[in-house]
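Asker: Quick one: this structure, given as structure tokens, is what I'll be asking you about.
In the working numbering, the protein residues as written are 53 to 480.
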């Protein structure tokens, strides 16, 4: 960006004009200094929210989507030499970009609000989509540095070409020809190989008169537009609303960077200035469909917020229940292990008692058997002893004569069975 040093200013370096190097510092400056001369510089980044792709974004930019046109290189679609040979690729692209297909964004509408408040000194834009015009910014307040679809002319005789005929030709996929010389005509967009509009050079010094410069949605890579911020005087605050830091912005003590989507940054600025209601009311007139959609998005966002809070609470309660269940299971497992240990310990003692009891029972059974054997032995030994005695008695010599003389009879035990009754006798 010119010869301006692009090294970010040291955070310890105090601002020269602003109270603080912040959005609040910009707001205080606008209000307290009664700022009336604001220069705005814009690029394709303020139109992406409208659905128009920028030029250089990988995969989604215009150049990245021109492969289907079989160009020698993407930039050829805006090359005047190539256009003279084959204008059809440009008109294929123009069918997608011609004004009327897209509506202004919040960022475009904010510029109109600055104009309505009498604060806009000049708008310099790289865009060719005419969305600033559609937002209500007068053409005289706009410097379209790279031209636009607002007007059309012959590339040879420079005769103007009616807008309605250009629109009809583009919609019908025709190649419009000059009504005077039959040469090719095209929108007054600056092609590679063509000079910038005279209005750019006539107005570029207005940046030196700016009290505040707002830069939005530009990469500041294409000269001479990229040099415009450096023309601001030292001490003049510069506010960048952009996805990334670009050029030398951020190198001066009064530079403020508000990084993010352009519409988001503009809404933050409008909120801080107290202009939010005015901005949304104006946008409702410029883009009623988008306004309704934004309101619906806000309602859905609030609903999602409530749902998210409810979901978070449910998740918290679920986690708490799971934690308690885990503690309960842990306690249950610990108690079960203790019971199993006690059961194992008690089981050994019980088995020992059972073994002792079994051995005692076995011993008692043996003793009983022995007693029964003794009893059986005494029962069987009596007849055996008696029989022995009988045999011993029978073996002894009987006294002859003495017993007979006395008339003694034989002992009862010596009676022979069945001698008297014919019944068997047994010893009980």
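All C-beta atoms, glycine included, are put in the ideal place defined by N, C-alpha and C.
Every value quoted in this text rests on a predicted model; they were computed, and no experiment measured them.
Around the Cβ of residue 311, are there at least 16 other Cβ atoms within 10 angstroms (buried) or fewer (exposed)?
Answerer: exposed
Asker: Does the distance from the C-beta atom of residue 189 to that of residue 164 stay below 9 Å?
Answerer: yes
Asker: Just the C-alpha distance for residue 143 and residue 157, rounded to the nearest angstrom, thanks.
Answerer: Within the model, the alpha-carbon separation for residue 143 versus residue 157 is close to 25 Å.
Asker: In angstroms, rounded to a whole number, what distance separates the CA positions of residue 316 and residue 128?
Answerer: 34 Å
Asker: Where residue 217 and residue 172 are concerned, what is the direct C-alpha to C-alpha distance, given to the nearest angstrom?
Answerer: C-alpha of residue 217 to C-alpha of residue 172: approximately 34 Å in a straight line.
Asker: Quick one: which unbroken alpha helix (DSSP H) runs of 4-plus residues sit fully inside the region 108-189? Chain order, please.
Answerer: Counting only runs of 4 or more, we get 132-137, 140-149, 158-168 and 183-186.
Asker: Take residue 302 and list the residues in its own chain whose beta-carbon comes closer than 6 Å to its own, dropping the five residues that flank it on each side.
Answerer: 60 and 309
Asker: Please list the terminal residues of the continuous beta strand (DSSP E) segment that includes residue 219.
Answerer: Segment 215-223 is the alpha helix (DSSP H) holding residue 219; no beta strand (DSSP E) there.
Asker: Could you spell out where the beta strand (DSSP E) holding residue 481 opens and where it closes?
Answerer: Because residue 481 is not part of the residues shown, which for the chain are 53 to 480, the question remains open.
Asker: Sorted by chain position, which residues of the same chain lie with C-beta nearer than 7 Å to residue 71's C-beta, five sequence neighbours on each side aside?
Answerer: 77 and 80, listed in sequence order.
Asker: Give me the residue from 295, 126, 340 and 82 with the minimum Cα distance to residue 243.
Answerer: 126
Asker: Suppose the cutoff is 6 Å on Cβ atoms and the five residues either side in sequence are ignored; what does the same chain contact list for residue 488 look like?
Answerer: The requested residue 488 does not occur in the structure, where the chain is confined to residues 53 to 480.
Asker: Just curious, the beta strand (DSSP E) that residue 290 is in, first and last residue?
Answerer: 290-294
Asker: Residue 254: buried (16+ other C-beta within 10 angstroms of its C-beta) or exposed?
Answerer: exposed
Asker: Under three-state DSSP, which class holds residue 257?
Answerer: helix
Asker: Residue 326: which of 83, 240, 68 and 69 sits nearest, CA to CA?
Answerer: 83
Asker: Out of 321, 318 and 269, which has the shortest C-alpha to C-alpha gap to residue 105?
Answerer: Of the listed residues, the one whose Cα sits closest to residue 105 is 269.
Asker: Out of 215, 295 and 94, which one is the CA nearest neighbour of residue 239?
Answerer: If we check each option's Cα against that of residue 239, 215 comes out closest.
Asker: Start and end of the alpha helix (DSSP H) containing residue 317?
Answerer: 314-325
Asker: Report yes if the C-beta distance between residue 482 and residue 251 is below 9 Å; otherwise report no.
Answerer: Here the chain covers residues 53 to 480 and nothing more, so residue 482 does not appear.
Asker: Measure the CB-CB distance between residue 186 and residue 338 and report whether it falls below 9 Å.
Answerer: yes
Asker: Around the C-beta of residue 457, are 16 or more other C-beta atoms found within 10 angstroms, so that it is buried, or is it exposed?
Answerer: Bear in mind that a pLDDT of 43 at residue 457, under 50, signals an unreliable position, so the model cannot answer this.
Asker: Which partner residues does residue 236 have in the DSSP bridge list?
Answerer: 229
Asker: Hey, how far is the Cα of residue 96 from the Cα of residue 184?
Answerer: 12 Å
Asker: Give the secondary structure of residue 200 by DSSP, where H, G and I count as helix, E and B as strand, and everything else as coil.
Answerer: It is a strand residue.
Asker: Work out the CA separation of residue 267 and residue 176 for me, nearest whole Å.
Answerer: 10 Å
Asker: Starting from residue 94, follow its DSSP beta bridges and name the residues at the other end.
Answerer: 177 and 268
Asker: Anyone know if the C-beta pair for residue 241 and residue 201 falls short of 9 Å?
Answerer: Yes, these two residues count as a Cβ contact at 9 Å.
Asker: For residue 340, which option in 155, 229 and 277 has the closest C-alpha, if you only look at C-alpha atoms?
Answerer: 155
Asker: Thinking just about the alpha-carbon of each residue, which of 245, 265 and 221 is nearest to the one in residue 236?
Answerer: 221
Asker: Ordered along the chain, which non-local residues of its own chain (more than five positions away) have a Cβ less than 7 Å from that of residue 334?
Answerer: 161, 164 and 165
Asker: Kindly indicate which residue of 263, 232, 63 and 150 has the alpha-carbon position closest to the one of residue 86.
Answerer: It is 263.
Asker: List the DSSP bridge partners of residue 194.
Answerer: BP columns for residue 194 point to 175.
Asker: Measure the C-alpha to C-alpha separation of residue 98 and residue 288 and round it to an integer number of angstroms.
Answerer: 23 Å
Asker: So, is residue 307 buried or exposed, given that buried needs 16 or more other C-beta atoms within 10 angstroms?
Answerer: Label assigned to residue 307: buried.
Asker: For residue 309, does the three-state DSSP call read helix, strand or coil?
Answerer: strand
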